[in-house]
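Visitor: Heads up: the sequence shown runs through residues 6 to 142, numbered per this note's numbering. Got a structure for you, questions after.
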Amino acid sequence: MSATKEEIAAFMALEFPQTKCKVEAVGDNRSTLSHEVGIDELRPGGTVSGPVLMSIADVALYVAILGKIGIVALTVTTSLTINFLRKPSAEARIIAECTLLKVGRTLIVGEVSLYSEGSSDLVAHVVGTYSVPPKHD
């Protein structure tokens with residue numbers, strides 16, 4: 006069972022109306038998201054804050070997983086590791102490209118590459134694990 010980009014976007018709008026993440030693409034164990042950058046996303050030094058980068062990476066993992074297994078709302082993050090590689094642009098959207106590495110029955114592992122839109126240089130690399138709740142028959 007999988008979910009489409011449209012189904013996931015509708016679910017996110019209903020359940021997470023506060024997110025600024027936009028679902029750009031979903032499918033084939035992948036997702037691509039974007040996040041607008043404005044004054045609220047910046048920290049001193051004119052760079053995108055770490056919590057914003059962690060947030061879009063976490064959402065990208067969640068969206069890729071929902072694309073693979075369908076809308077399972079209580080799928081939750083169990084681990085998230087981020088490596089900040091370079092200063093993201095304060096003038097460009099953040100783009101998150103997620104790939105699921107292992108899809109198990111109860112645990113799913115994926116990685117996310119974060120970029121400033123218009124640049125091919127990684128600003129951060131993230132690896133995360135999600136727990137999938139057991140199915141009830």
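Note that CB positions come from ideal geometry on N, CA and C, so glycine has one too. Model, not experiment: these values are computed from the prediction.
Using the C-alpha atoms, what's the distance from Leu106 back to Leu71?
Guide: Going by the C-alpha atoms only, they are around 14 Å apart.
Visitor: Which term fits Val131, buried or exposed, when burial requires 16 or more other beta carbons within 10 angstroms of its beta carbon?
Guide: It counts as buried.
Visitor: Using DSSP's beta-bridge definition, name the partner residues of Ala31.
Guide: In the sequence on display, residue 31 carries Val and not Ala. For Val31, which the question treats as bridged, DSSP gives the partners Ser36.
Visitor: Which residue's Cα is closest to the Cα of Lys140: Leu119, Leu79, Leu90, Ser94?
Guide: Taking only the C-alpha atoms, the option nearest Lys140 is Leu79.
Visitor: Under three-state DSSP, which class holds Lys3?
Guide: No answer is possible for residue 3: the residues shown for the chain start at 6 and end at 142.
Visitor: Is it right to say Gly91 is buried, meaning 16 or more other beta carbons lie within 10 angstroms of its own, or is it exposed?
Guide: Note on identity: in this sequence residue 91 is Arg, with Gly being the wrong assignment. Exposed is the call here.
Visitor: By DSSP's criteria, Tyr120 is part of a beta bridge. Which residues make up the other side?
Guide: Partner(s): Ile100, Leu127.
Visitor: Let's see if you can read the secondary structure: which residues bound the beta strand (DSSP E) around Leu85?
Guide: Taken as a continuous stretch (DSSP letters only), the beta strand (DSSP E) holding Leu85 covers 81–89.
Visitor: Could you name the residues that DSSP lists as bridge partners for Ser136?
Guide: Paired residue(s): Val81, Leu112.
Visitor: By the three-class DSSP mapping on this structure, what secondary structure does Lys107 have?
Guide: The answer is strand: DSSP assigns Lys107 an E or B state.
Visitor: Identify the continuous alpha helix (DSSP H) that holds Lys143 and give its terminal residues.
Guide: The chain is shown from 6 up to 142; residue 143 falls before or after that span and cannot be answered.
Visitor: Can you name the residues that DSSP bridges to Pro9?
Guide: Looking at the sequence itself, residue 9 is Thr, so the reference to Pro does not match. Thr9 is not bridged to any residue.
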